[in-house]
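Below: the structure, in structure tokens.
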């Protein structure tokens, strides 16, 4: 290897001397430029940068075989990482040490001459020994990020998201819950959220491809950005026109999410709850929403579920501001992640005077204006 490099150097030196002979007519001027007397005008001859570029090009041409010949025929994938701030020189040296290229300096000169050195991107790569030096140089311009796919379902509360993360990612569920409950995120969608509250309700349900090495905070920021993108300026204007903050919309939409099965019913169910909020109606401002009681009750070790059907005689058994059978108005905050359809249902509700609804048992509901009608519906569909 050493003799081969010496031979290449002698060949290169011979070529350089030949070039100097060719340009000997301007030798003194060229010598002054090489010694650092500054750039010359076009009439003064060849500049130092031009000469350097010419010599590098000549060197690359003389070593074209090394640039275009892979180290072997082995196509085994080899992971390679470029760290943030790493130089072309250190990258080249590591490539040579790993047996991916034959000459680190040749690689460095190649990427510099082709203006690739500033574009070598930090990240993860998969290289192979059967790639040429040129192929490796261009492969390192676009990092490959390992990703995983996760799905957050509408109606999930924070704890259910944490369980999904435990089963499908390297994200600590405990760290996720800590970050979500601290509430120290600065996304503008959270602007009217009460200080110190969690991000419950704002983690937009959808299927995502996230970096495999994402941490809990990065994931939450991704989900918040998705919420911000989906809760459009038009929806914000419509909410404001109804006298509702985004936080109030999300809170009510989370209840609609846990009640509705059929999309077409969501705006009707939203109208029922909006009507119930009026203290002058028959409900006196009490939402009396089963999902809020279920949220307050939380995990049931007997069923292994976070959401369990509420029995009529349970309504007064849990003293919590989330229990809307005991406390009027909206609960303190969202109880789950509502879908876009539920958010839209609250922002654009149906215009009704319904105050009650009852499940028919097939996913649909029957609606009533008075409690007497509601009791009749219960008798019919119970």
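Numbering (my numbering), first residue to last: 3 to 384. A virtual CB, placed ideally from N, CA and C, is assigned to each residue, including glycine. Predicted, not measured: the structure shown is a model, and the values here were computed from it.
The shortest CA-to-CA distance from residue 380 to any of 366, 361, 372 and 323 is the one to 361. Where residue 344 is concerned, the enclosing alpha helix (DSSP H) starts and stops at 342-349.
The residues 72, 102 and 141, in chain order, have a CB closer than 8 Å to that of residue 133 in the same chain once the five nearest residues on each side in sequence are set aside. A straight line joining the alpha-carbon of residue 370 with that of residue 284 spans about 12 Å.
In terms of Cα proximity to residue 61, the closest of 299, 112, 88 and 76 is 112. In this model, residue 165 and residue 65 are separated by some 57 Å (Cα to Cα). For residue 337, there is no enclosing beta strand (DSSP E), as DSSP marks it with neither H nor E.
When C-beta atoms of the segment 293-303 are compared with those of the segment 255-263, three or more pairs fall below 8 Å, so the two segments count as touching. Cβ neighbours of residue 91 within its own chain (closer than 6 Å, five residues either side excluded): 110. Distances from the CA of residue 139 to each of 261, 107 and 153 were compared; the closest alpha carbon is that of 107.
Sorting 87, 78 and 195 by C-alpha distance to the C-alpha of residue 119 places 87 at the top. In the three-state reduction of the DSSP assignment, residue 103 falls in the coil class. The C-alpha of residue 97 lies about 25 Å from the C-alpha of residue 54. Below 8 Å, too few C-beta pairs join the segment 303-311 and the segment 320-332 to call them touching: fewer than three. Residue 335 sits away from residue 180, with the two beta carbons spaced by 7 Å or more. For a cut-off of 8 Å, the C-beta gap from residue 240 to residue 349 is around 5 Å, short enough to register as a contact.
Cβ atoms of residue 115 and residue 195 stay farther apart than 8 Å, at about 54 Å.
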